[in-house]
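Peer 1: In the working numbering, the protein residues as written are 1 to 609.
Backbone N, C-alpha and C define an ideal beta-carbon position, used for all residues, glycine too.
Nothing here was measured: the structure is a model prediction, and the numbers come from that model.
Mind having a look at this structure? Questions to follow.
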């Protein structure tokens, strides 16, 4: 009996030691505010980009005030998350950032919050039965003080927690840049054609033009300065202090002198060139949506960099735009357009078949992007042996091209694609020591043989990548000044009806991609890492359920049947995962108990009384 008691005591001691160790580990992690975050976008911990910003990017101390309202389960949980996040900022800053939590209860504190620029609001929460609600009046905002500057997030919603770190990091950088006189300047080449200031994101509202992408970026990210660059026909040199330049779709040919100036800028080293242009030229306010194919001579510059641009338009029925629109009878019908490629990242795809490479900085962790009317790009790495060329966006293997001088891209067109199908690259990036593409090709312009240090280039062969093609084609034509007071003309109502759901479904990620591209152009990896927090949690991967391959030969019914089968397969897999997560831990625990029981029984048999 004494030996049995000793064995039992030893087993109990082992269990006690394990329990104490687990408690100690949790206490240590809690005391240090440390967590192990296994999520892809570091949802529960501070990103490395935010940590770098507050640890090495601040020249003086920053003070942060959190004005919060407690009293409801929802607000209490949000405040706790906000405090935990600010604690990580403070810990990462090594003393450069401190914060305090203020819960305004007195009239003086409430007035102080209002004077700081915060908005008082009512926070409500319904009961489980839904027959009553609890309301709390107060503040939920953040005030940043750095040097002589002050910034504020006037109100935060407890219902919207995604992207919280990004917006805080964004404000920290904004106030830091203003106080320290830091400007990130990017130039846009002035040329007749598509511009960042074009009101082509949504149709006009109430007689007023819609927003433009430059205005949105300058409002949300004021630390980026987007400046016009006038080459003056090639007589003017590009400002060497710019981080990079953007080339948009032009309506007229590029001269050798203009291309030489762009090449001269890139050869300075540590510069970026972003080309958002292709061979598909469509006039604004043209509801016929007919396109003419021409590269306008841009292929001479890009070809020298090892990126050949073909004079074609890529059509892909497998990833074409599909938008539900309500018809006159009140029912939904699907609007499709094979010229608008909706490319998604696939974690299970091979590198040479990946449609959207969201490991590339400009498309960082974006699940899907729209590429309207792209042209084919062909990489020629032998042209630039010291540059790494990477295809970051491509069509599916079912894509075909049209190469006629004029192409009808109207939505009413129902032709099936003709010609040989295959993958087509539509976005290619390059980084390294570039050889000059225009050396000796423009009189009076001296260009080095190679770039002084590594530079970056990205070609997106989708002219309307930063536009809403339906708003652009459906917008009313510009009116002469003497008729502007009469109000804008109507434009094409059918295209405008499609433009709004297109904007809701695709333009948010397009705008975020453009912000990422500016980060890529400036080489700012810190804000790029924080921007991943704008994305929600990654969906479960269903690699065992292959995605449906919708071929051009499939009818609408067949395509819908494949999509429904795919959804059913995912649902079936979800049920399997649910039962596996429910049963397997229980079975393992029971197996461990049986093993321990048999081990102890075996041990008892070895002892005799």
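Out of 149, 404, 169, state which residue places its alpha-carbon closest to the alpha-carbon of residue 181.
Peer 2: It is 149.
Peer 1: Grab the span of the alpha helix (DSSP H) containing residue 495 for me, first residue to last.
Peer 2: 493–502
Peer 1: From the DSSP output, read off the bridge partner residues of residue 281.
Peer 2: 292
Peer 1: For the beta strand (DSSP E) that residue 334 lies in, which residues bound it at each end?
Peer 2: Element bounds for residue 334: 332–344.
Peer 1: Check for me: the alpha helix (DSSP H) holding residue 91 runs from which residue to which?
Peer 2: 73–92
Peer 1: If you draw a straight line from the C-alpha of residue 56 to the C-alpha of residue 93, how long is it?
Peer 2: 8 Å
Peer 1: Taking only three categories from DSSP, how would you classify residue 596?
Peer 2: Correct three-state label for residue 596: helix.
Peer 1: Roughly how far, in whole angstroms, is the beta-carbon of residue 307 from the beta-carbon of residue 377, given that I think they are within contact range, below 8 Å?
Peer 2: 6 Å
Peer 1: Using DSSP with H/G/I as helix, E/B as strand and the rest coil, what is residue 584?
Peer 2: Assignment of residue 584 by DSSP, reduced to helix, strand and coil, places it in the helix class.
Peer 1: What does DSSP give as the partner residues of residue 435 in its beta bridges?
Peer 2: 450
Peer 1: Enumerate in chain order the residues of its own chain whose CB-to-CB distance from residue 121 is below 8 Å, with the five nearest sequence positions on each side excluded.
Peer 2: 137, 138, 139, 140, 155
Peer 1: For the alpha helix (DSSP H) that residue 470 lies in, which residues bound it at each end?
Peer 2: 469–474
Peer 1: Suppose the cutoff is 7 Å on Cβ atoms and the five residues either side in sequence are ignored; what does the same chain contact list for residue 265 look like?
Peer 2: 238, 245, 271
Peer 1: Identify, in the order they occur along the chain, each residue of the same chain with its Cβ nearer than 6 Å to the Cβ of residue 303, setting aside the five sequence neighbours on each side.
Peer 2: none
Peer 1: Look at residue 200 and residue 494 and say whether their C-beta atoms are less than 9 Å apart.
Peer 2: In this structure, the beta-carbon distance from residue 200 to residue 494 does not fall below 9 Å.
Peer 1: Per DSSP, which residues does residue 242 bridge with? Please list them.
Peer 2: In the DSSP secondary-structure assignment, residue 242 is not bridged to any residue.
Peer 1: Check this for me: beta carbons of residue 278 and residue 375, under 9 Å apart or not?
Peer 2: yes
Peer 1: Taking the beta carbon of residue 68 as the centre, do at least 16 other beta carbons fall within 10 Å, making it buried, or is it exposed?
Peer 2: buried
Peer 1: Only counting runs of 3 or more residues, tell me where the beta strand (DSSP E) segments fall wholly within the stretch 111–198, in order along the chain.
Peer 2: 121–126, 133–138, 141–146, 149–153, 184–189
Peer 1: Are there 16 or more other CB atoms within 10 angstroms of the CB of residue 436, so buried, or fewer, so exposed?
Peer 2: buried
Peer 1: Which residue from 347, 60, 445 puts its Cα closest to that of residue 231?
Peer 2: 445
Peer 1: Starting from the Cα of residue 285, find the closest Cα among 509, 579, 472, 312 and give me that residue.
Peer 2: 472
Peer 1: Mapping DSSP to helix, strand and coil, what is residue 514?
Peer 2: When DSSP states are grouped into helix, strand and coil, residue 514 belongs to the helix group.
Peer 1: Within its chain, find whatever has a CB closer than 7 Å to the CB of residue 174; leave out the 5 residues flanking it on each side and keep chain order.
Peer 2: 151, 222, 223
Peer 1: Compute the Euclidean distance between the alpha carbons of residue 208 and residue 202, then round it to the nearest angstrom.
Peer 2: For residue 208 and residue 202, the distance between alpha carbons rounds to 11 Å.
Peer 1: Exposed or buried, residue 402, counting other C-beta atoms within 10 Å across all chains shown (16 or more means buried)?
Peer 2: Classification of residue 402: buried, given that the 10 Å Cβ count is 16 or more.
Peer 1: Compute the Euclidean distance between the alpha carbons of residue 218 and residue 262, then round it to the nearest angstrom.
Peer 2: 24 Å
Peer 1: Taking the continuous beta strand (DSSP E) assigned at residue 360, which residues delimit it?
Peer 2: Neither: residue 360 is in no beta strand (DSSP E) and is coded neither H nor E.
Peer 1: Tell me the residue span of the beta strand (DSSP E) that contains residue 456.
Peer 2: Element bounds for residue 456: 455–460.
Peer 1: In three-state terms, what does DSSP make of residue 297?
Peer 2: coil
Peer 1: Leaving out five residues before and five after residue 427 in sequence, what residues of the same chain have Cβ atoms less than 6 Å from its Cβ?
Peer 2: 392, 393, 460
Peer 1: Helix, strand or coil: which one does DSSP assign to residue 440?
Peer 2: coil
Peer 1: For residue 399 and residue 314, which I take to be in contact (beta-carbon distance under 8 Å), what is that distance rounded to the nearest angstrom?
Peer 2: 5 Å
Peer 1: Tell me the start and end of each unbroken alpha helix (DSSP H) in the stretch 202–257 that is at least 4 residues and wholly inside, in chain order.
Peer 2: 213–220
Peer 1: DSSP on residue 589, reduced to helix/strand/coil?
Peer 2: In the displayed model, residue 589 falls within a helix according to three-state DSSP.
Peer 1: Please list, in chain order, all residues of the same chain as residue 447 whose beta carbon is under 7 Å from its beta carbon, the five residues on each side excluded.
Peer 2: 260, 263, 264, 267, 436, 438, 439
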